[in-house]
Amino acid sequence: MTFPPGEAYAWNMEAIGYNDLIGKPAFKMAIHKAGDRWFLYAAGFWHPGLHVLEVTDPANPRHIRFIDGPDNTWTLQVQVAEGRMITSQERIAPGWGDKPGPFGDGFLIWDLSDPENPRQIGHWKTGGKGTHRNYYDGGDYVFATGLPEGYQGHILQIVDISDPANPKEVSRWWRKGQWTAGGETGAHKDDFLHGGAYRRGDRLYMPYSAGGFVILDISDITRPKLISELPFSPPFQSFIAVHTSLPLTKRELVICNSEAIVENCDEPLGYAGIVDIADEANPRLISLFPLPKPPTTAPYKNFCDKGGRFGPHNQHQWQYQEHLLHDEDTCYLTYFNAGLRVYDVSDERLVKEIAWFVPPDPKEQRGVLPKSKLVGQTEDVLVDNRGNIFITDKNHGIYVLRMKPGAGSL
0 MTFPPGEAYA WNMEAIGYND LIGKPAFKMA IHKAGDRWFL YAAGFWHPGL HVLEVTDPAN
60 PRHIRFIDGP DNTWTLQVQV AEGRMITSQE RIAPGWGDKP GPFGDGFLIW DLSDPENPRQ
120 IGHWKTGGKG THRNYYDGGD YVFATGLPEG YQGHILQIVD ISDPANPKEV SRWWRKGQWT
180 AGGETGAHKD DFLHGGAYRR GDRLYMPYSA GGFVILDISD ITRPKLISEL PFSPPFQSFI
240 AVHTSLPLTK RELVICNSEA IVENCDEPLG YAGIVDIADE ANPRLISLFP LPKPPTTAPY
300 KNFCDKGGRF GPHNQHQWQY QEHLLHDEDT CYLTYFNAGL RVYDVSDERL VKEIAWFVPP
360 DPKEQRGVLP KSKLVGQTED VLVDNRGNIF ITDKNHGIYV LRMKPGAGSL
């Protein structure tokens, strides 16, 4: 195992493993445990498809295979629960390597009885431009972020996969103005569900971009009902103003964050913060995370000067999977050119940064981004219950990290 060349910066954290993913960077990740063996599935970023790795020995991740996806298709998202895997398919967004022609639509359902060789057992289609960040924690329902025909922007589509060969949509929900085919008007251009719509009991907590943070009642799965909305734009950016909304289970709190979009910080400030939902009809923002600071030895005075995107992106999400880390006092958050940041959120009013890892800048441009300068762009994070932290990057493979003893709660 060889780490990429260049200087990595770290505090209270160390890299223990790396896999270059045969030169094909990955985006979202999911983990499956079969007996004593651990498997990681990583969605292809610039190449449609899925990486299969064994991470039983996290210091030496073993690349097993790459399953090709359909051409001209984003296959960015993957979810695993109860021996099933859900992988997304959607049209590639303009500027990301899209081209005219057919593309994959919806999501695929896979059986993981043979973890090294996933077997496709179903395919659900939106009939439009596909799905983005879906949510699946087991059971009969996938909470899909779909873009069917006739809508402006992605909406919630709840799909029954109890018969995986014949998945069926049971309900959908959208913000007023999105259903243009139904004559609705007035939706903000950036009003769409980013997903995933995180389930807690009979509630869904949804990151709805310019639409803000949304709480739905799904006690009747066929008729989702709006409980409340909390806008974040303005003052924050409208495009993906809420990227993630992660509810805690032991406190009536949700951790929300935006997604940085424009390189070199040429946009309104991004954020990560904590929302109090004790009164779910009136959620309120109660704190913001501190901004990352560069290492004192870095050749830039702030991360905006570094190049590429700077700002929040993905949080580690437990999603009720026993093989993933469940620690509600700690938030793991990727921050593009600032790498991975780790925060102590045990006091929701006073969030503290407790560790970080900034990988070296790539030496090879493997995708179309970043455009301003070739720098690290940390994308996703996933933490298993052994304390191994996996991160992806636009132009790197997968790093495996660990917190140092005494740092945080691990």
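Each residue of the sequence shown is one higher than the last, beginning at 0 in numbering that gives the first Met the number 0. No residue lacks a Cβ here, since even glycine has one placed at the ideal position from N, Cα and C.
If we count the other Cβ atoms within 10 Å of its Cβ and call it buried at 16 or more, is residue i buried or exposed?
{"i": "aspartate 35", "result": "exposed"}
{"i": "methionine 0", "result": "exposed"}
{"i": "glutamine 364", "result": "exposed"}
{"i": "glycine 182", "result": "exposed"}
{"i": "proline 369", "result": "buried"}
{"i": "isoleucine 160", "result": "buried"}
{"i": "arginine 308", "result": "buried"}
{"i": "serine 218", "result": "exposed"}
{"i": "asparagine 256", "result": "buried"}
{"i": "leucine 268", "result": "exposed"}
{"i": "glycine 396", "result": "buried"}
{"i": "arginine 283", "result": "exposed"}
{"i": "proline 114", "result": "buried"}
{"i": "alanine 25", "result": "buried"}
{"i": "glutamine 119", "result": "exposed"}
{"i": "alanine 180", "result": "exposed"}
{"i": "alanine 42", "result": "buried"}
{"i": "tyrosine 99", "result": "The sequence shown places proline at residue 99, rather than the tyrosine named in the question. By the 10 Å Cβ count, proline 99 comes out exposed."}
Report the rounded CA-to-CA distance for residue i versus residue j, giving the unit in angstroms.
{"i": "phenylalanine 106", "j": "tyrosine 299", "result": "42 Å"}
{"i": "threonine 296", "j": "valine 367", "result": "29 Å"}
{"i": "glycine 68", "j": "leucine 49", "result": "7 Å"}
{"i": "lysine 124", "j": "leucine 52", "result": "27 Å"}
{"i": "asparagine 394", "j": "phenylalanine 102", "result": "24 Å"}
{"i": "phenylalanine 302", "j": "proline 223", "result": "41 Å"}
{"i": "glutamine 151", "j": "threonine 243", "result": "20 Å"}
{"i": "leucine 39", "j": "threonine 184", "result": "43 Å"}
{"i": "tyrosine 270", "j": "glycine 94", "result": "25 Å"}
{"i": "methionine 402", "j": "leucine 247", "result": "22 Å"}
{"i": "lysine 23", "j": "glycine 82", "result": "25 Å"}
{"i": "valine 141", "j": "proline 206", "result": "16 Å"}
{"i": "threonine 144", "j": "glutamine 76", "result": "11 Å"}
{"i": "alanine 337", "j": "aspartate 379", "result": "13 Å"}
{"i": "lysine 249", "j": "lysine 372", "result": "42 Å"}
{"i": "tryptophan 45", "j": "aspartate 343", "result": "33 Å"}
{"i": "glycine 194", "j": "asparagine 313", "result": "11 Å"}
{"i": "leucine 339", "j": "isoleucine 390", "result": "8 Å"}
{"i": "isoleucine 260", "j": "methionine 12", "result": "27 Å"}
Going along the chain, which residues of its own chain have a beta-carbon closer than 8 Å to the beta-carbon of residue i, five neighbours each way excluded?
{"i": "asparagine 384", "result": "Glu321, His322, Leu323, Leu324, His325"}
{"i": "proline 421", "result": "Residue 421 lies beyond the range of the chain shown here (0 to 409); nothing can be said about it."}
{"i": "alanine 92", "result": "Trp73"}
Look up residue i in the DSSP assignment and give the residues it is bridged to.
{"i": "aspartate 392", "result": "Thr377"}
{"i": "valine 253", "result": "Pro246, Val274"}
{"i": "proline 206", "result": "Phe212"}
{"i": "asparagine 301", "result": "According to DSSP, asparagine 301 bridges with nothing at all."}
{"i": "tyrosine 8", "result": "Val357"}
{"i": "methionine 0", "result": "According to DSSP, methionine 0 bridges with nothing at all."}
{"i": "aspartate 159", "result": "Tyr140, Lys167"}
{"i": "histidine 50", "result": "Ala41, Phe65"}
{"i": "tryptophan 73", "result": "Glu89"}
{"i": "histidine 31", "result": "Phe38"}
{"i": "valine 350", "result": "Bridge partners of valine 350: none, in fact."}
{"i": "glutamine 314", "result": "Leu332"}
{"i": "aspartate 110", "result": "Arg83, Arg118"}
{"i": "valine 382", "result": "Ile388"}
{"i": "glutamate 13", "result": "Arg401"}
{"i": "glutamine 78", "result": "Ile85"}
{"i": "asparagine 18", "result": "Ile397"}
Which residues in the same chain as residue i place their Cβ atom closer than 6 Å to its Cβ, once the five residues preceding and following it in sequence are excluded?
{"i": "alanine 14", "result": "Tyr398, Leu400"}
{"i": "aspartate 216", "result": "Lys224, Ile226"}
{"i": "serine 408", "result": "Confidence is the limiting factor: at serine 408 the pLDDT is only 45, short of 50, which leaves the residue's position unreliable, though a coordinate-based value still follows. So the qualifying residues of the chain are Asp326, Asp328, Thr329."}
{"i": "tryptophan 37", "result": "Val54, Thr55"}
{"i": "aspartate 139", "result": "Asp159, Ser161"}
{"i": "glutamate 251", "result": "Ile276, Ala277"}
{"i": "proline 57", "result": "Gly16, Asn387, Val399"}
{"i": "glutamine 318", "result": "Asp136"}
Sorted by chain position, which residues of the same chain lie with C-beta nearer than 7 Å to residue i's C-beta, five sequence neighbours on each side aside?
{"i": "arginine 348", "result": "Ile285, Ser286"}
{"i": "tryptophan 10", "result": "Ala354, Trp355"}
{"i": "serine 345", "result": "Asp328"}
{"i": "isoleucine 21", "result": "His62, Phe65"}
{"i": "serine 170", "result": "Ile157, Ile220, Thr221, Arg222, Pro223"}
Does the segment 168 to 181 touch the segment 232 to 239, meaning 3 or more C-beta pairs lie closer than 8 Å?
-> no
Three or more C-beta pairs closer than 8 Å, one from the segment 151 to 168 and one from the segment 120 to 135: is that the case here?
-> yes
Report yes or no: do the segment 199 to 212 and the segment 161 to 170 share at least 3 C-beta pairs separated by less than 8 Å?
-> no
Inspect the CB distances between the segment 53 to 61 and the segment 80 to 95 and report whether three or more fall short of 8 Å.
-> no
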